[in-house]
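Peer 1: Here it is, the structure in full.
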Amino acid sequence: MKSLLERDVERDVMRSIGVSTGEMLPDLVEHLREHRTELREEWARRITEAKVLTAMSDAEIFAEATSVYDNYVAALETGTFEALQTYSRNLSERIIPRGVETHEVVGIVLLLRDVLARSLFAKYQADFQLLNRILDAYEPAANRIANTVAVGFVQERERIIRQQQEAIRELSTPVLQVRERLLILPIIGVIDPQRARQLTEQLLHGIRANRARVVVIDITGVAAMDSHVANHLVQTVEASRLLGATVIVTGLSPEIAQTLVKIGVDLGKMNTVGDLQGGIEEAERLLGYKVVPTPEIPSQISGRHEDS
Amino acid sequence: MPEQNPHDDVEFCVPVASVNDIVTARLQGRNLAARLGFSAGEATLVATAISELARNIVQYAGDGDIVVRAIANGTKQGIVVVARDRGPGIDDPKLAVQSGFSTSGGLGLGLSGVRRIVDDFQIVSERSTGTTVTVTKWKS
Amino acid sequence: MPVPILKQSQYLIATIQSALTDEDLLALQTALVEKVGKYRSRGVIVDVTALDVLDSFASRTLRDIAHIIRLRGAETVIVGVQPEVAFAMVQLGITLESVSTALDLEEGLAYLDKKLQHARAED
Numbered sequence: 001m002k003s004l005l006e007r008d009v010e011r012d013v014m015r016s017i018g019v020s021t022g023e024m025l026p027d028l029v030e031h032l033r034e035h036r037t038e039l040r041e042e043w044a045r046r047i048t049e050a051k052v053l054t055a056m057s058d059a060e061i062f063a064e065a066t067s068v069y070d071n072y073v074a075a076l077e078t079g080t081f082e083a084l085q086t087y088s089r090n091l092s093e094r095i096i097p098r099g100v101e102t103h104e105v106v107g108i109v110l111l112l113r114d115v116l117a118r119s120l121f122a123k124y125q126a127d128f129q130l131l132n133r134i135l136d137a138y139e140p141a142a143n144r145i146a147n148t149v150a151v152g153f154v155q156e157r158e159r160i161i162r163q164q165q166e167a168i169r170e171l172s173t174p175v176l177q178v179r180e181r182l183l184i185l186p187i188i189g190v191i192d193p194q195r196a197r198q199l200t201e202q203l204l205h206g207i208r209a210n211r212a213r214v215v216v217i218d219i220t221g222v223a224a225m226d227s228h229v230a231n232h233l234v235q236t237v238e239a240s241r242l243l244g245a246t247v248i249v250t251g252l253s254p255e256i257a258q259t260l261v262k263i264g265v266d267l268g269k270m271n272t273v274g275d276l277q278g279g280i281e282e283a284e285r286l287l288g289y290k291v292v293p294t295p296e297i298p299s300q301i302s303g304r305h306e307d308s
Numbered sequence: 001m002p003e004q005n006p007h008d009d010v011e012f013c014v015p016v017a018s019v020n021d022i023v024t025a026r027l028q029g030r031n032l033a034a035r036l037g038f039s040a041g042e043a044t045l046v047a048t049a050i051s052e053l054a055r056n057i058v059q060y061a062g063d064g065d066i067v068v069r070a071i072a073n074g075t076k077q078g079i080v081v082v083a084r085d086r087g088p089g090i091d092d093p094k095l096a097v098q099s100g101f102s103t104s105g106g107l108g109l110g111l112s113g114v115r116r117i118v119d120d121f122q123i124v125s126e127r128s129t130g131t132t133v134t135v136t137k138w139k140s
Numbered sequence: 001m002p003v004p005i006l007k008q009s010q011y012l013i014a015t016i017q018s019a020l021t022d023e024d025l026l027a028l029q030t031a032l033v034e035k036v037g038k039y040r041s042r043g044v045i046v047d048v049t050a051l052d053v054l055d056s057f058a059s060r061t062l063r064d065i066a067h068i069i070r071l072r073g074a075e076t077v078i079v080g081v082q083p084e085v086a087f088a089m090v091q092l093g094i095t096l097e098s099v100s101t102a103l104d105l106e107e108g109l110a111y112l113d114k115k116l117q118h119a120r121a122e123d
């Protein structure tokens, strides 16, 4: 026989983990449906008052509020949240590009929660027992809904961020073909393992696509050369060689040279030149081009090997 | 809500007793990786890891097997490769995985190389019971 | 499955298939040595375009092949290593050091031509 205290605790626990003790659930749903118009308007008013969703017009806010409200009630009624999750992801997809922030989305969901709770208080204020029972139905579901919408929003944001990061990575590692058989890869900025891997893959595919015989990798702009990045550079050089391309590394500062030696790289084996221009000239020499020191007329003997 | 992964229960086992089994194991590994949507590069890494692990079994234990399994962790999909043998075992597994370690000359056990290309690497080895290497590669 | 070997003037071209077993590789070694001797070939191209994985064994054997062929007076070039395979190899620490490589058959032949030109110039 459970004591009153035990039953209270049990009910609180059930509520907090989202389990609706749902005898009054139908009443709750009916109440929400019955007062749909005024509750939505109240909510929209509170949203404007709180000065959130400023990126959207009043009409838009009301339209979305209606959708959210109806999804909300449906979720309460059915106890399933997939539709709500899908809707919140769609909603997020629409509003994130408009600059809507996470705190705004969480904020308005909590506002709705409050608006609905207060209307329940108002309705059942005469009967504390009844109020408690309807809250038993409402509280867990409301928590779950707030959670679902917020998480849906955050997941969508993260997906977009990942997409953008990918695009940035691709843009920031251009493999340039400047002459036949010669590729230049200027590396700029921070190299994390993922970017390093992408860099190498892009270069190798570029070597194959352009049939490059010489690659100049310029590391002048690399933000930090630690042993990981250095290792990756060495691997890139070795992998390029497997595709028949010679790699010239330019932009090697004395500090970076030290790092490479420290990790055991035999600099004697790596083809290095001070600066990019020098590297390109060396590359052209390897390819058999004769370089005339007049910049306006780059003279170019066709790629047949004519060693000096 | 995490979707049910349709590949959750995909698993196959290749007994490894001769060098020909190495090819079978890595081909099946590559196929599974391709089916799960791994990129060409990642599938090659998986196949290469399986090749090296299978080769170790043949070279040092004589026979064993390779189990390849699809796994999922939330929205992440991956492949687990378990290479088991009942061979003589490795005295000091930690040492064997360090770069450059080699007992038989040439490229040695290749385990340090395998570790570089996978996301997770576990090795259990005992004199009497043999060696089990478990590696995981996630789809990016 | 034996690896097909074609004779193209003074060169031999061996084209490897994807499911290459250890046996196939060793048989290739024997066959190449024999043919280099028989035709007095000056160069050998091993085309690994179709190879899906180049593991430590394959790498060792290709190095051995290049070494033995050189003792017979011919130059070996490995061509057609795929980007994904090259990537996996360097991660694994396999470099095919001391073996010449070229992008594809065309590059491989150009490389051999050049090498032989030089050799003749030195005679």
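The listed protein sequences derive, respectively, from chains A, B and C. Take the first sequence: its position 129, counting from 1, is numbered 129 in the numbering used here, and each next residue is one higher. Take the second sequence: its position 25, counting from 1, is numbered 25 in the numbering used here, and each next residue is one higher. Take the third sequence: its position 96, counting from 1, is numbered 96 in the numbering used here, and each next residue is one higher. In this text, a Cβ means the ideal position worked out from N, Cα and C, and glycines have one as well. Remember, it's a predicted structure, so these values are computed and weren't measured experimentally.
Anything in chain C within Cβ reach of residue 242 (chain A), meaning under 7 Å, just list it in chain order.
Peer 2: In chain order: 81, 86, 89, 96 and 101.
Peer 1: For the 8 Å Cβ check, are there 3 or more pairs between the stretch 170-189 of chain A and the stretch 62-75 of chain A?
Peer 2: Counting Cβ pairs under 8 Å, fewer than three are found: no touch.
Peer 1: Nearest-angstrom Cα distance between residue 66 (chain C) and residue 78 (chain C)?
Peer 2: Rounded to the nearest angstrom, the two C-alpha atoms are 9 Å apart.
Peer 1: Please list, in chain order, the chain C residues whose beta carbon lies closer than 7 Å to that of residue 238 (chain A).
Peer 2: Near residue 238 (chain A) (Cβ distances below 7 Å), the residues of chain C are 90 and 95.
Peer 1: What does DSSP give as the partner residues of residue 75 (chain C) in its beta bridges?
Peer 2: BP columns for residue 75 (chain C) point to C:43.
Peer 1: Residue 67 (chain B) to residue 22 (chain B), Cα distance in whole Å?
Peer 2: Looking at the two C-alpha atoms, the distance is approximately 12 Å.
Peer 1: So is residue 308 (chain A) in contact with chain C if we call contact Cβ pairs under 9 Å?
Peer 2: Note that residue 308 (chain A) scores 39 on pLDDT, short of 50, meaning its location in the model is unreliable and no value can be drawn from it.
Peer 1: Check each residue of the stretch 30-60 of chain B: if its Cβ is closer than 7 Å to any Cβ of chain C, include it; give the result in chain order.
Peer 2: Listed by position, the residues of the stretch 30-60 of chain B near chain C (Cβ gap below 7 Å) are 30, 40, 41, 44, 45, 47, 48, 51, 52 and 55.
Peer 1: At the 9 Å Cβ level, is residue 204 (chain A) part of the contact set with chain C, yes or no?
Peer 2: Yes, contact with chain C.
Peer 1: Short check: CB of residue 80 (chain B) to CB of residue 135 (chain B), under 9 Å?
Peer 2: Cβ distance < 9 Å, so residue 80 (chain B) and residue 135 (chain B) count as in contact.
Peer 1: In the DSSP assignment, find the alpha helix (DSSP H) that holds residue 83 (chain C) and state where it starts and stops.
Peer 2: Segment 83-92, the alpha helix (DSSP H) holding residue 83 (chain C).
Peer 1: Just to confirm before moving on: does the CB-CB distance between residue 250 (chain A) and residue 216 (chain A) stay below 9 Å?
Peer 2: Yes, these two residues count as a Cβ contact at 9 Å.
Peer 1: Taking DSSP as the reference, what is the three-state secondary structure of residue 212 (chain A)?
Peer 2: Three-state DSSP puts residue 212 (chain A) in coil, outside helix and strand.
Peer 1: Are the beta-carbon atoms belonging to residue 227 (chain A) and residue 152 (chain A) less than 9 Å from one another?
Peer 2: For residue 227 (chain A) and residue 152 (chain A), no; Cβs fall outside 9 Å.
Peer 1: For residue 138 (chain B) and residue 198 (chain A), what's the separation of their Cα atoms in angstroms?
Peer 2: Answer to the nearest angstrom: the Cα atoms are 16 Å apart.
Peer 1: Can you name the residues of chain C whose CB is closer than 8 Å to the CB of residue 68 (chain B)?
Peer 2: Under the 8 Å cutoff, chain C gives no residues; its nearest Cβ is about 14 Å from residue 68 (chain B).
Peer 1: Express the C-alpha separation of residue 133 (chain A) and residue 82 (chain A) in angstroms, rounding to a whole number.
Peer 2: Roughly 26 Å separates the two Cα atoms.
Peer 1: In the structure shown, what three-state DSSP assignment does residue 283 (chain A) receive?
Peer 2: Helix.
Peer 1: Under 8 Å, with one C-beta from each stretch per pair, do the stretch 200-214 of chain A and the stretch 240-249 of chain A reach the 3-pair mark?
Peer 2: Verdict: yes, contact present.
Peer 1: How many Å lie between residue 93 (chain C) and residue 106 (chain C) at the Cα?
Peer 2: When rounded, the distance between both Cα atoms is 28 Å.
Peer 1: Going by DSSP, what residue range makes up the beta strand (DSSP E) through residue 65 (chain B)?
Peer 2: It spans 64-73 - the beta strand (DSSP E) in which residue 65 (chain B) sits, taken as one unbroken run.
Peer 1: Any Cβ of chain B within less than 9 Å of the Cβ of residue 20 (chain C)?
Peer 2: Answer yes: the Cβ-Cβ gap between residue 20 (chain C) and chain B drops below 9 Å somewhere.
Peer 1: Can you check whether the C-beta of residue 53 (chain C) is within less than 9 Å of a C-beta belonging to chain B?
Peer 2: Cβ-Cβ to chain B under 9 Å: yes for residue 53 (chain C).
Peer 1: Do you know how far the Cα of residue 18 (chain B) is from the Cα of residue 62 (chain B)?
Peer 2: Near 8 Å, if we compare the C-alpha coordinates of residue 18 (chain B) and residue 62 (chain B).
Peer 1: Can you tell me where the beta strand (DSSP E) with residue 18 (chain B) in it begins and where it stops?
Peer 2: Unbroken run through residue 18 (chain B): none, as it is neither H nor E.
Peer 1: What residue range is occupied by the uninterrupted beta strand (DSSP E) comprising residue 4 (chain C)?
Peer 2: Neither: residue 4 (chain C) is in no beta strand (DSSP E) and is coded neither H nor E.
Peer 1: Whether or not the stretch 119-134 of chain B and the stretch 101-116 of chain C are in contact is what I'm after, with contact meaning three or more pairs of Cβ atoms, one per stretch, closer than 8 Å; do they touch?
Peer 2: No, they do not touch.
Peer 1: Answer yes or no: does any C-beta atom of chain C fall closer than 9 Å to that of residue 45 (chain A)?
Peer 2: Not one chain C Cβ lies under 9 Å of residue 45 (chain A).
Peer 1: Checking the sheet assignment: what are the DSSP bridge partners for residue 41 (chain A)?
Peer 2: Partner(s): none; residue 41 (chain A) has no beta bridge.
Peer 1: Please confirm if residue 245 (chain A) has its CB atom under 9 Å from at least one CB of chain C.
Peer 2: With 9 Å as the cut-off, residue 245 (chain A) counts as an interface residue toward chain C.
Peer 1: Buried or exposed for residue 223 (chain A), going by 16 or more other Cβ atoms inside 10 Å?
Peer 2: Classification of residue 223 (chain A): exposed, given that the 10 Å Cβ count is below 16.
Peer 1: Tell me whether residue 330 (chain A) is buried or exposed, calling it buried when 16 or more other Cβ atoms sit within 10 Å of its Cβ.
Peer 2: In the structure as shown, chain A starts at 1 and stops at 308, and residue 330 (chain A) therefore has no counterpart that could be examined.
Peer 1: At the level of alpha carbons, what is the spacing between residue 86 (chain B) and residue 124 (chain B)?
Peer 2: Between residue 86 (chain B) and residue 124 (chain B), the C-alpha separation is close to 12 Å.
Peer 1: List, in chain order, every chain A residue whose beta-carbon is nearer than 9 Å to that of residue 107 (chain C).
Peer 2: Under the 9 Å cutoff, chain A gives 211, 213 and 244.
Peer 1: Taking residue 94 (chain B) as the reference, give the member of B:46, B:34, B:133 and B:50 with the closest Cα.
Peer 2: With distances taken between Cα atoms, residue 94 (chain B) lies closest to B:133.
Peer 1: Given a cut-off of 9 Å, decide if residue 49 (chain B) and residue 64 (chain B) are closer than it, judged by their beta-carbon atoms.
Peer 2: Cβ atoms of residue 64 (chain B) and residue 49 (chain B): not closer than 9 Å.
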